[in-house]
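Enquirer: Residue numbers for the sequence shown follow this note's numbering, beginning at 33 and rising by one.
Glycine included, each C-beta is placed from N, C-alpha and C at the ideal position.
On a predicted model such as this, the values are computed, not experimentally measured, just so you know.
Have a look at this one before I ask anything.
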Amino acid sequence: MCLGIPAQIKEIIDIDNQIAMVDLSGVSRAVNIACVLNDTHQAQDLINQWVLVHVGFALSIVDEEEAQKTLKILDEIGELSAAVDDINQGEK
33 MCLGIPAQIK EIIDIDNQIA MVDLSGVSRA VNIACVLNDT HQAQDLINQW VLVHVGFALS
93 IVDEEEAQKT LKILDEIGEL SAAVDDINQG EK
């Protein structure tokens, strides 16, 4: 199953290549933020924002309440730990 997983942007690590560090349930991951940058959302404005992440890309911005609800549901159905495991495997 393909899911966008909510993660919180913690820092911009490469502005030129549009890369940010996100936190996903305690796991840090570098993701591309090009899809969420626009005239309204500049890179530095995204710090502490929640985004849906899929295959290394932040696809959309979500509010914190929606992010927390989604994480809770994923945890309840056992998909959150699987998603975190997939992220950890991708970094090896």
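With a cut-off of 8 angstroms, do at least 3 Cβ pairs link the stretch 76–96 to the stretch 59–68?
Expert: Result yes; three or more Cβ-Cβ pairs closer than 8 angstroms.
Enquirer: Please report the distance separating the alpha-carbon of G110 from that of I47.
Expert: Each residue's Cα considered, the two are about 35 angstroms apart.
Enquirer: Check each candidate in M53, T102, I93 and K104 and name the one with the smallest Cα separation from T72.
Expert: Ranking the options by Cα distance to T72, first place goes to I93.
Enquirer: Determine whether the beta carbon atoms of I37 and L56 lie at a separation below 7 angstroms.
Expert: Going by C-beta atoms, I37 is nearer than 7 angstroms to L56.
Enquirer: Is the beta carbon of V54 closer than 7 angstroms to that of I45?
Expert: No; because the gap between Cβ atoms is not below 7 angstroms, this pair is not in contact.
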